[in-house]
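A.B. asks:
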Amino acid sequence: MDASAFLVLAFASAEIVVLWDRLTGNLILRRINTTMALKIIEIGHPVLREVATELSPEQLASDEVQTFIDDLIDTRKKANGAGIAANQVAVAWRIFVVEIANNPRYPYKPEYPLTVLVNPKVELLSADRYDSYEGCLSIPNLRGSVKRCPEVHVTGLDRAGKQVSFDVKGITAGTFQHEMDHLEGILFPDRVEDPKTFCTWDEFSERYEEDFKKTVASVEARYAG
Ligand SMILES: [Zn+2]
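Quick note on the numbering used here: the sequence shown kicks off at 17 and runs consecutively.
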């Protein structure tokens, strides 16, 4: 927008500014260029059970969706998730974000650069499975062991609408399967085969984390090394 055509009248909040459009005389509310952490919904909320809908190229290019993607990235970062899907902030669009860097919730996870996927597909590349002890931002203080494939092929669009296609190997492949499940309305407890593996985060640290770190090390050495 042409800044000279607008006059800032007031800051309606820390993040919203009121502009006066000199040409039309209209008042406009605009977000200042900051991101906003969104509210993460929890198990029981029906949007977590919705099959998310694909975005058209026009929708993806819109300010609304681009701002939403910025906010989703920010939400994941503030909550220390390894990834987050749009359903988790009550928006059933086929978008998820993965980013792993010095994550205090998952200290054993290898780093993975910020990846935004729109209309993604995650294809399992083999019949191999490992025991993935998962958690979820939408299911506070619960972990459980899920079978995941350690090698996947991922396709979809990046946030600019460009087609992307890449493999993910090692335990990060499990993260992509977890996020993909969200877009289908599936939560990790649905995939827990042995309910006795359910535990709180404290019990996980005390009783299961050491063994799980060994699983992580062997999966990483075999598939990602
Ligand atoms: Zn989750």
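No residue lacks a Cβ here, since even glycine has one placed at the ideal position from N, Cα and C.
Should R92 and V132 be called a contact, given that it needs their Cβ atoms to be closer than 8 Å?
C.D. replies: No, these two residues do not count as a Cβ contact at 8 Å.
A.B. asks: Any heavy atom of ligand 1 closer than 7 Å to the Cβ of L153?
C.D. replies: Answer for L153: yes, Cβ within range of ligand 1.
A.B. asks: DSSP has S148 in a bridge; who is on the other side?
C.D. replies: BP columns for S148 point to V162.
A.B. asks: Count the C-beta pairs between the region 65-76 and the region 161-168 that are closer than 8 Å, then say yes if the count reaches three, no if not.
C.D. replies: Segments in contact, no.
A.B. asks: Identify the continuous beta strand (DSSP E) that holds A101 and give its terminal residues.
C.D. replies: 99-101 is the span of the beta strand (DSSP E), which, as asked, contains A101.
A.B. asks: How is G172 classed by DSSP in three states: helix, strand or coil?
C.D. replies: Strand, per DSSP.
A.B. asks: Consider the C-beta atom of H198 and the heavy atoms of ligand 1; say whether any pair is separated by less than 7 Å.
C.D. replies: For ligand 1, at least one heavy atom lies less than 7 Å from the Cβ of H198.
A.B. asks: Can you tell me where the beta strand (DSSP E) with D37 in it begins and where it stops?
C.D. replies: Start and end: 32-37.
A.B. asks: Where does S181 sit, in a helix, a strand or coil, going by DSSP?
C.D. replies: Strand.
A.B. asks: With respect to 7 Å, is the separation between the Cβ of H194 and the closest non-hydrogen atom of ligand 1 below this value?
C.D. replies: Yes; taking the cut-off as 7 Å, the Cβ of H194 has a heavy atom of ligand 1 nearer than that.
A.B. asks: My output table needs one value for F192: the three-state DSSP class, helix, strand or coil.
C.D. replies: Residue state, collapsed to three classes: helix.
A.B. asks: May I ask you to list the residues that DSSP assigns as paired with Y128?
C.D. replies: Answer by DSSP bridge pairing, in chain order: I116.
A.B. asks: Taking the C-alpha atoms as reference points, what is the distance between D147 and P211?
C.D. replies: The straight-line gap from Cα to Cα measures roughly 13 Å.
A.B. asks: Keeping to the same chain, check which residues put their C-beta closer than 6 Å to that of G190; ignore five residues upstream and five downstream.
C.D. replies: Only S148, R164 meet the Cβ criterion.
A.B. asks: For M17, count neighbouring C-beta atoms within 10 Å of its own C-beta (all shown protein chains included) and say buried if the count is 16 or more, exposed if not.
C.D. replies: Low confidence applies to M17: its pLDDT is 49, below 50, so where it sits in the model is not reliable enough to give any reading.
A.B. asks: From this set, P123, L199, L76, which residue's C-alpha is nearest N96's C-alpha?
C.D. replies: The shortest C-alpha separation from N96 is found at P123.
A.B. asks: Within the same chain, show all residues whose beta-carbon is closer than 8 Å to that of A108, passing over the 5 residues directly before and after it, in chain order.
C.D. replies: Once the five neighbours on either side are set aside, the close Cβ partners of A108 are V63, E66, V67, A68, T69, A102.
A.B. asks: Assuming E150 and V162 make a contact with CB atoms under 8 Å, what is their CB distance in whole Å?
C.D. replies: Confirmed, Cβ separation roughly 5 Å.
A.B. asks: Hey, quick one: how far does the alpha helix (DSSP H) through Q75 stretch, first residue to last?
C.D. replies: Per DSSP, Q75 belongs to the alpha helix (DSSP H) from 73-77.
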